[in-house]
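Presented below is the structure to which this report refers.
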Amino acid sequence: MKAYTQLGSFEGRGSLEGWLTRIATNTCLNMVRGAKRRPELTDSDLTDDEHSWLDQQSASDGGEQPSVENSLVATDLADRLLAVLSPEDQQALLMIDGEEASIKEVAEATGWSESKVKVRAFRARRKVREAMDKLLSYRNKRADSAAD
Amino acid sequence: MKDKHITEILDNVSIAALSESEMNEVRAHVLDCVSCRAAYEAARVSAVVLKSRARTVIEPSPFFHTRVMAAWREQQAVENVPAIFRLWKSAKVLVSSMALTTAALAVLSFVVPSRAVAVDDQTASVYSAESVILDQGADEQMTYEQVLSTIYADEDEAR
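Order-wise, the sequence lines are chains R and F.
Numbered by the working numbering, the letters in the first sequence go through residues 4 to 151 in order.
Numbered by the working numbering, the letters in the second sequence go through residues 735 to 893 in order.
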């Protein structure tokens, strides 16, 4: 709807896909900004399915093709992890690490400079890794105390 | 290189995008470094999670692209029409109403008053000064004697 109502602003110089991507991007960013962000994901926040999924991941080397159910669990977990990031950082990380977009492609889609994309992706990757690290260490500690 | 922590390598690029030499460096380091091993494990699981998240695709309606392009072409077609036609399209109601008003005013100004003048002329001719003077006394009542003398005068002439 937003694209349809804003058709007048499309000058036809770039591709329609690029223009639509930019609109979708900005709309999604505004929606995510409006949503309340959770400060941190802890072990107690995880569902049983997510615990099982993490157990499977710890046991495997990540080479297998995930089932549909596992993909859904992983998607939910990703949403929870990404909630600790700003909308812009989420977008940069999902495009680069998730969709394997290049820095240049992200810069074109978002209108940010390439260095800004790099900084955002670096920061987001580190935050997500640290959040996951904390989550896994909680689980390991709990497993150790259960074993004792 | 084994002593250098690998967290910066993990944060610079996705673990799936690491080159073979970088992966070897990471693997060699995490064998001895506990904290980096945990970081590597977290980065690996995070990469899997993000891949799954990116695979969740929300497909737009198959006609969305067609509809948007059609609307855009329609708008472009309107913009390519010469300015005079676009002006006419937007102003034709106004111009038509102005023309009708002008025509109505012209009828009221030139046709209706000329009829009124014609009636006035007729009226004036009946009551013109000349006729009033010539017909002066025509409406006067004849006296009784005048009527009798007129009648008997006719009879006398007949005899």
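For every residue, glycine included, the Cβ atom is placed at its ideal position computed from N, Cα and C.
Any chain R beta carbon closer than 8 Å to residue i
i        : result
F/ARG787 : yes
F/SER795 : no
F/GLU775 : yes
F/ASP745 : yes
F/VAL764 : no
F/LEU784 : yes
F/VAL845 : no
F/VAL779 : yes
F/SER824 : no
F/SER831 : no
F/ALA804 : no
F/MET735 : At F/MET735, the pLDDT of 48 sits below 50, so the modelled position is not reliable; the number obtained from the coordinates is stated separately. So, not an interface residue.
F/ALA817 : no
Alpha-carbon spacing of residue i relative to residue j, whole angstroms
i        : j        : result
R/GLU20  : R/ARG142 : 44 Å
R/ALA221 : R/GLU117 : No statement about residue 221 of chain R is possible, as the shown extent of chain R runs from 4 to 151 and does not include it.
R/ALA81  : F/ARG801 : 34 Å
R/ARG132 : F/PRO796 : 37 Å
F/SER808 : R/GLY101 : In the sequence under discussion, the amino acid at residue 808 of chain F is Glu, which differs from the Ser named in the question. Taking the straight line from one Cα to the other gives about 37 Å.
R/SER148 : R/GLU108 : 47 Å
R/ARG83  : R/LEU44  : 7 Å
F/ALA838 : F/ILE818 : 27 Å
F/VAL846 : F/ALA804 : 55 Å
R/ARG25  : R/ASP151 : 54 Å
F/MET735 : F/ASP766 : Residue placement at F/MET735 is poorly supported in this model, since its pLDDT is 48, which falls under 50; the coordinates still yield a value, given next. Near 12 Å, if we compare the C-alpha coordinates of F/ASP766 and F/MET735.
F/LYS785 : F/ALA811 : 43 Å
R/VAL76  : R/ASP51  : 10 Å
R/GLN93  : F/LEU828 : 54 Å
F/MET876 : F/ASP890 : 20 Å
R/TRP56  : R/THR78  : 11 Å
R/PRO90  : F/ARG820 : 44 Å
R/LEU88  : F/LYS826 : 57 Å
F/TYR886 : F/PHE844 : 60 Å
R/THR30  : F/TRP806 : 20 Å
F/VAL779 : R/LEU138 : 11 Å
R/LYS144 : F/ALA772 : 13 Å
R/TRP115 : R/LYS121 : 10 Å
Cutoff 8 Å: residue i Cβ touching any chain F Cβ
i        : result
R/GLY21  : no
R/GLN94  : no
R/SER47  : no
R/ALA81  : yes
R/GLY101 : yes
R/VAL131 : yes
R/ALA2   : Since the first residue shown for chain R is 4 and the last is 151, residue 2 of chain R is missing from the structure and cannot be characterised.
R/ALA77  : yes
R/MET34  : no
R/SER18  : no
R/LEU44  : no
R/ARG167 : The shown model of chain R, from 4 to 151, leaves out residue 167 of chain R, and the question about it has no answer.
R/LEU139 : yes
Nearest to residue i (by Cα), restricted to the options the options
i        : options                                : result
F/GLU742 : F/ALA750, F/SER831, F/SER786, F/CYS770 : F/CYS770
R/GLY17  : R/ALA150, R/GLU111, R/ALA104           : R/GLU111
R/ASN73  : F/SER824, F/TYR774, F/ARG787           : F/ARG787
F/SER755 : F/ALA772, F/ILE740, F/CYS767, F/VAL768 : F/ILE740
F/ALA777 : F/VAL841, F/VAL881, F/ALA750           : F/ALA750
F/VAL768 : R/SER140, R/ARG145, R/ALA150           : R/SER140
R/MET135 : R/ASP151, R/HIS54, R/THR113            : R/HIS54
R/ALA146 : R/TRP115, R/ASP46, R/ARG129            : R/ASP46
F/HIS763 : F/SER753, F/VAL783, F/LYS738, F/GLU775 : F/LYS738
R/SER70  : F/ARG789, F/LEU842, F/HIS799, F/TRP806 : F/ARG789
R/LEU23  : F/GLU879, F/LEU752, F/HIS799, F/GLU775 : F/HIS799
F/ALA781 : R/THR30, R/ASP48, R/LEU49, R/LEU96     : R/LEU96
R/ASP48  : R/ALA104, R/ALA86, R/ASN33             : R/ALA86
Decide yes or no for the touch test of the segment 117-136 of chain R against the segment 739-748 of chain F: beta carbon pairs closer than 8 Å, at least 3 of them.
yes
Are at least three pairs of beta-carbons, each pair with one atom in the segment 757-765 of chain F and one in the segment 52-62 of chain R, less than 8 Å apart?
no
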